[in-house]
Structures are given as structure tokens and as C-alpha cells.
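To convert, note that position 607 of the sequence shown is 607 in the UniProt record's numbering; the numbers rise steadily by one, no gaps. What follows is one structure encoded as C-alpha cells, with my remarks underneath.
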Amino acid sequence: MSAPTTPHLYRQALDHHKAGRLEDALALYQRLLAENPADGEWLAQAGLAACQAGQTAQGCAWLERAVKLAPDQIGVWLNLATVRYALGQGAASLAAADQALARLPGTGAERATALGARGRALIALGRLDAALAAYEQAATLEPGQPDYARAVALLQVQRQGPEAALPALERALALVPEDPVLQQYRGLALLDGDQPEAALAAFRRIEQASANGASTPPADALLGQGLALAALGQTDPARACCDRVLAAQPHHPGALNNRGLLSQRAEDYPAALADFREAVAHHPQFAEAWFNLALLELRLGDYEAGWAHYEWRWRRRPAPVLPGRPWRGDFSLAGKTLVLYAEQGYGDTLQFCRYLPQVVALGARVILRVPGPLVPLLRSLPGAPLVQGDDAPPPPGDAHCPLLSLPLALGRTRPEGGAPYLAPDPELSRSWAARLATSEKTGAERPLRIGLVWAGGERPQQPEARSINRRRNVPLALLAPLAQVPSPRPLHFISLQKGEAALAQLAQLDEASWPAPRPEDFSAFLTDFAQSAALVAQLDLVITVDTAVAHLAGALGRPVWIFNRRDHCWRWGEGEGPSPWYPTARLFRQSAPGDWPGVVARVATALEQWSRDQA
1 MSAPTTPHLY
11 RQALDHHKAG
21 RLEDALALYQ
31 RLLAENPADG
41 EWLAQAGLAA
51 CQAGQTAQGC
61 AWLERAVKLA
71 PDQIGVWLNL
81 ATVRYALGQG
91 AASLAAADQA
101 LARLPGTGAE
111 RATALGARGR
121 ALIALGRLDA
131 ALAAYEQAAT
141 LEPGQPDYAR
151 AVALLQVQRQ
161 GPEAALPALE
171 RALALVPEDP
181 VLQQYRGLAL
191 LDGDQPEAAL
201 AAFRRIEQAS
211 ANGASTPPAD
221 ALLGQGLALA
231 ALGQTDPARA
241 CCDRVLAAQP
251 HHPGALNNRG
261 LLSQRAEDYP
271 AALADFREAV
281 AHHPQFAEAW
291 FNLALLELRL
301 GDYEAGWAHY
311 EWRWRRRPAP
321 VLPGRPWRGD
331 FSLAGKTLVL
341 YAEQGYGDTL
351 QFCRYLPQVV
361 ALGARVILRV
371 PGPLVPLLRS
381 LPGAPLVQGD
391 DAPPPPGDAH
401 CPLLSLPLAL
411 GRTRPEGGAP
421 YLAPDPELSR
431 SWAARLATSE
441 KTGAERPLRI
451 GLVWAGGERP
461 QQPEARSINR
471 RRNVPLALLA
481 PLAQVPSPRP
491 LHFISLQKGE
501 AALAQLAQLD
511 EASWPAPRPE
521 DFSAFLTDFA
531 QSAALVAQLD
541 LVITVDTAVA
551 HLAGALGRPV
561 WIFNRRDHCW
571 RWGEGEGPSP
581 WYPTARLFRQ
591 SAPGDWPGVV
601 ARVATALEQW
611 SRDQA
């Protein structure tokens with residue numbers, strides 16, 4: 001019998017290859033390459049078969065030889081991009097994809113494939129914006145291809161968050177409706193968008209799909225159901241979702257953390273502490289549980305543990321890059337420059353700047369970096385610090401520390417309520433005194449001046465902040481009973497409110513919802529906190545929700561009554577009455593979630609007595 005000819009061997013190799021008999025195909029490809037190692041087509045087929053057989057490194061070598069011999073083989077460039085990606089060679093994979101794109105027309109499925117390969121390589125290189133652009137182009141060319149739509153959706157989630165990615169998630173789910181990952185992110189997006197009912201349906205769809213496949217529901221889907229039920233106020237069913245996860249995975253970190261938060265909401269603090277502590281005991285790098293444990297410890301007055309554990313917040317978000325080394329009280333500051341910086345909202349900065357004189361007393365030269373609207377006011381702090389806006393270039397320094405780490409650094413284990421520690425500008429105070437006198441046109445006795453704030457700052461890009469605002473804000477019309485309080489002296493209500501949405505409520509007041517005169521609006525003059533401080537200094541009382549103005553009034557030593565939601569911020573402790581942070585503050589807490597009418601009634605009673613005391 002005569003030996004097979006070369007063309008016959010190649011056909012045999014291809015037949016084995018197509019039939020999936022990869023070892024047989026490779027044996028023949030190797031015989032052919034022994035005859036002619038410079039045949040680009042044989043090299044390309046051998047490289048592909050080797051990769052399919054798991055011999056990735058050999059396959060990559062053959063493919064690279066193939067494109068050197070025949071550089072216009074688009075399919076070989078695409079295979080090479082895939083193999084290089086599998087070998088962890090992101091930059092080389094990207095180069096191969098770009099070689100294919102350079103040889104392809106501007107449309108067509110093959111170009112979409114090359115764009116997908118480019119996007120995959122860019123993800124490996126951490127260039128997510130460029131990867132998103134590549135996949136978006138691929139999805140435009142092949143709108144019915146689920147892989148591209150899915151990649152676009154997941155990249156948008158990673159870059160912008162679930163809520164912003166919701167349209168892309170919906171488009172991808174139209175192609176793969178039972179994809180559990182896409183459905184999970186869709187549920188989270190709906191939660192962020194304040195659509196808990198729709199979110200619950202999305203999470204339950206994942207569970208149903210797993211039941212149809214006779215598999216255990218994914219833990220994330222059950223925890224998502226719990227989040228949605230909690231948002232609907234159904235705490236017990238939400239806790240049951242966590243329990244189901246923990247029954248299958250007794251130390252699941254997310255389930256322990258979420259159940260702890262639910263127990264905290266129900267004011268079962270021992271159970272909440274136990275869950276947070278169990279979570280960190282079994283998952284010692286789980287920053288979210290450490291952070292929640294810290295907040296609860298601070299809320300319950302365990303400041304020593306709380307401040308230490310509160311440092312875990314820096315595992316949840318990146319710390320700013322500043323010159324020098326971090327300081328937490330672990331080395332002397334004598335003769336050194338310390339940069340203190342604001343890290344959260346205006347209220348946090350106003351509350352914790354009280355510690356600055358104690359830092360100055362350690363011999364440090366202090367530079368305080370804060371948001372621009374706070375700069376003029378905070379220059380009144382004792383110790384004459386250098387105060388700069390946080391949009392300025394970082395100054396040179398030996399060390400740096402965030403404001404909310406000062407209690408830990410200074411070894412403070414309880415709140416320090418000394419106030420006032422801020423002072424209004426004298427010239428601005430005189431200006432506001434004159435403006436109010438002109439407005440009131442008083443005779444022998446001026447009215448009692450009461451500042452009002454009914455809504456927190458608007459942060460539309462922060463779902464968590466939106467959720468807090470929904471719980472802490474009070475509709476202005478609900479405060480109307482305060483205007484009806486009998487008083488020996490007239491009551492002059494003055495709006496300290498900022499924000500278009502909240503101020504729109506003021507514009508919509510009429511005599512049916514608020515007896516004339518309605519609160520006077522000076523918001524156009526409140527251009528920064530120095531102006532607000534000068535106005536607050538002229539008031540007899542401030543009544544506010546838990547927002548920056550509460551801290552401003554307290555720091556100025558002015559009487560301030562704070563509307564406190566039931567699930568209040570940790571800093572206010574438990575119960576009603578005085579605040580450990582501000583001697584002039586008084587807390588009025590909801591008796592049940594959402595019960596603002598009850599709070600308003602108690603404040604109205606207190607206001608009547610207070611007005612008599614001022615007579």
C-alpha cells in the first residue's frame with residue numbers, strides 16, 4: 001500500500017479536527033509541519049487544535065508563526081487574541097485584536113467579534129472605559145448577540161453603579177432573561193431607584209429560575225429579597241431571608257451583616273452586635289461588618305471600641321493621597337505640620353473640628369482642608385489654623401489625619417460637649433441684625449426668631465443618601481402646628497433651608513397649610529456657612545432635622561431642637577433630651593418609624609412652654 005499524499009494527510013487531519021478527535025488531528029498536523037514548517041495554513045490549524053486540546057502554550061507558538069507567515073489571516077489573529085488572553089497576556093491579546101480590526105471593514109459580525117476580543121483584553125488590563133467603548137461598538141454591530149449586551153451592562157454597573165446601568169441591564173435581559181447575574185444587578189438597580197416592589201420581583205425571579213432547575217437559590221438573590229423587604233418595612237420576612245442563607249451557609253458574611261442591620265433596625269442591639277461580631281470573627285477582612293459594628297458601638301456609647309473599629313471605613317473607600325504619613329496619635333507632632341482633612345459631609349466637619357485646638361496643643365502646625373463653603377467660618381476656630389478649600393493642591397506636610405479619626409488619635413473615649421467653639425464674623429452679624437430688624441419692623445418688643453430646616457442636603461447620585469433623606473426629612477406643611485402655638489411674643493419663623501426641592505415646598509405654602517405669615521426665606525443670602533452662622537447667631541431658637549445646620553447651631557452655642565428619625569444617626573445616642581455633643585441641643589425622636597406628626601406635636605408643646613419662658 002502506498003503512503004498517503006500530503007493533501008490527503010491534510011484532509012484527514014481536518015476531518016479528525018472537525019470530529020473533535022484532537023489528538024489524532026494533532027499527530028497528523030505535526031507530520032505535515034515536519035515536512036514543511038513554513039506552511040501558514042497548517043500552522044494555523046495546528047495552533048487551533050493544540051489550544052482546543054489544552055496545549056495552550058504550544059498552540060500560541062504555532063499561531064504566532066502562522067501570522068508572521070500570513071499576516072492577513074484575520075481568523076488567526078482572532079484566535080491568537082483568545083489564546084493570549086487565556087495565557088494572561090493582556091497587552092499581547094489586545095495587540096492581536098487590533099491587528100484583526102485593522103484588516104476588517106467597518107461593519108459585520110467578524111468586526112464585532114474582534115471588538116469583543118479587544119474589550120476582553122482591555123478588561124484584563126484594567127482599562128474599563130475603553131473596554132466599555134469596544135463592547136458598545138460590538139453591540140451596535142450585533143444587537144442580538146447577548147454576550148456583547150451582557151458585557152456592556154456589567155461594565156456599566158462596574159463604572160457607574162447598578163442604577164445608572166439599568167437601561168443596559170434591561171437590554172441584556174431582553175436577550176437572556178434568566179441570567180442570574182444580570183437579574184441580580186437589575187434588582188439592586190431598582191432598589192437604588194426606590195422601587196422595592198419591582199426589585200423584590202427581580203430577586204424572586206432568580207429564585208424561581210433556580211427552583212425550576214432543581215438547584216439551591218443563590219445566596220445573593222435571597223439577600224436581595226431581604227433588602228427589598230426591608231425597604232418595604234417588612235423586617236421579619238427580611239430577616240427570614242437571611243436565616244435561609246445561614247441555614248445553608250452558617251457563617252455567610254453578607255447574611256450575618258444584613259441580619260445584624262435588621263436587628264439593629266428592630267432595636268435588638270444584643271442580636272445585632274452578635275451577628276456583626278460573628279461576621280468579623282469568621283471573615284476578619286470583611287470591612288462592611290467591621291464598619292457596621294463600629295457604628296453600633298458608637299451609638300451605644302462604647303467609644304473606645306467604636307473609634308478603633310471605625311477605622312475600617314478606609315477599607316470601604318479609598319483614602320485621599322496626601323503628603324506625609326498617616327497619624328493616629330502614634331508619634332509626636334511637636335514641630336511638625338499636620339494636614340487635617342474633611343472626609344464626609346458638612347455636619348461631620350462642623351462636629352469634629354472641635355478637636356483642632358487639642359491637636360494644636362500638641363505642638364503641631366495644623367492645616368485644615370475642608371469644602372469651600374466652610375472655609376470662612378472655620379477660620380474662627382481657636383488656634384488660628386491655616387484653613388484651605390479641599391479643591392486646592394494638597395499642601396506639604398509631615399503627617400495627615402481625617403477629622404473623624406481625631407477622637408481615636410487623641411484617646412477620647414466619650415463625647416466632649418464644650419461649646420461654643422465657633423464664632424460668627426462680627427461684621428456679618430451686624431449686617432444680619434440690621435436685615436432682620438428691617439424685616440420685622442418691630443416696635444418696643446421684637447418677635448422671637450425661630451430658624452427652620454426641614455430637609456437635608458440633596459445628593460441625587462448617592463442612593464444611600466437619598467434613602468436617608470426620605471427618612472429624616474419632614475414635609476414643611478407638617479410643621480404648621482408650630483405656627484399656631486400661642487405665644488406672649490410674636491413668632492418670626494425664618495427659613496434656613498437650602499436646596500431647590502425643599503424650597504419649592506416653601507413657595508407652595510398658602511394660608512390653608514400655614515397661617516400667615518409664612519417662614520421668611522433668606523436663602524439667597526446664605527452663600528456660605530459664615531453667612532449662615534451670622535444669621536443663626538441672631539436667632540433665639542433653631543428647629544431642624546438632622547443636617548448640617550443642627551451642628552452649626554450647636555457649635556455656635558445656640559439653642560437647637562433636632563427632629564430625630566427613629567433609626568437615627570449613631571452620634572445622637574438613644575432616647576430624647578440633651579445631646580452629649582452639644583449642651584444647647586435637645587433631641588425629639590420619633591416614637592415609631594415615620595411618626596413625624598407625633599414629633600411635631602411634642603415640639604409644639606415644648607415651643608409653647610419655651611415661648612412663655614422668653615416673655
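Ideal Cβ positions, reconstructed from N, Cα and C, are used throughout, including at glycine. In this text, all values refer to a predicted model and were calculated from it rather than measured experimentally.
According to DSSP, residue pairing for S495 in a beta bridge involves L452 and D521. Put simply, of A211, Q264, H251 and Q249 the residue whose alpha carbon is nearest the alpha carbon of D236 is Q264. Under the criterion of beta carbons closer than 8 Å, E458 and H492 do not qualify as touching, at roughly 27 Å. Runs of the alpha helix (DSSP H) spanning 4 or more residues and lying entirely within the region 371-442 occur at 375-378, 406-410 and 426-440, in chain order. In its chain, beyond the 5 residues on either side, D275, E278 and A279 have a beta carbon closer than 6 Å to the beta carbon of L256.
By the Cβ test, the region 378-391 is not in contact with the region 429-439, since fewer than three Cβ pairs between them sit closer than 8 Å. Separation of G88 and A124 (C-alpha to C-alpha, rounded to the nearest whole angstrom) is 8 Å. Contact between H309 and A294 holds: CB atoms are separated by about 4 Å, below the 8 Å threshold. P426 and F529 have their alpha carbons spaced roughly 14 Å apart. Contact between the region 503-515 and the region 403-414 is not established, with fewer than three Cβ pairs separated by less than 8 Å. Contact between the region 364-373 and the region 289-304 is not established, with fewer than three Cβ pairs separated by less than 8 Å. The region 545-612 is shown to contain whole beta strand (DSSP E) runs of 3 or more residues at 560-564 and 585-589, in chain order.
In this structure V176 is not in contact with A165, their Cβ atoms being roughly 15 Å apart against a cut-off of 8 Å.
Close CB contacts of Y135 within its chain, under the 8 Å cut and outside five residues either way in sequence, are with L115, G116, G119, Y148, A151, V152 and L155 (chain order).
Spanning the alpha carbons of A507 and G363 requires a straight line of approximately 51 Å. Beta-bridge partners of V67 (DSSP): none assigned.
Closest by C-alpha distance to L63, out of A53, V76, Q52 and Q55, is V76. With a contact defined as Cβ atoms closer than 8 Å, A534 and L428 qualify at about 4 Å. In the three-state scheme derived from DSSP, where H, G and I count as helix and E and B as strand, T140 is classed as helix. Straight-line measurement puts the Cα of A219 at about 36 Å from the Cα of T547.
Here E343 is actually not in contact with R316; their C-beta atoms are around 12 Å apart, not less than 8 Å. Here R471 is near R565, since their CB atoms are less than 8 Å apart. When C-alpha distances from Q609 are compared across P270, L482, A550 and A334, the shortest belongs to L482.
Cα atoms of D194 and D268: separation of roughly 26 Å, rounded to the nearest angstrom. Note on geometry: alpha-carbon atoms of P424 and P475 lie some 30 Å from one another. One thing to note: I562 has its Cβ within 8 Å of the Cβ of L587. With respect to the 8 Å criterion, I543 and I468 are not classified as neighbours on the basis of their beta carbons. Where V339 is concerned, the enclosing beta strand (DSSP E) starts and stops at T337 to Y341. According to the DSSP secondary-structure assignment, P326 is paired through a beta bridge with H400. A check of alpha carbon separations from E445 across D510, A221 and P488 identifies P488 as the nearest. Beta-bridge partners of L541 (DSSP): I450. Judged by pairs of C-beta atoms under 8 Å, the region 327-347 does not touch the region 598-605, as fewer than three such pairs exist. DSSP lists L338 as the beta-bridge partner residues of V366. With respect to the 8 Å criterion, L69 and A100 are not classified as neighbours on the basis of their beta carbons. A residue is called buried when at least 16 other Cβ atoms come within 10 angstroms of its Cβ; A281 does not meet this threshold and is exposed.
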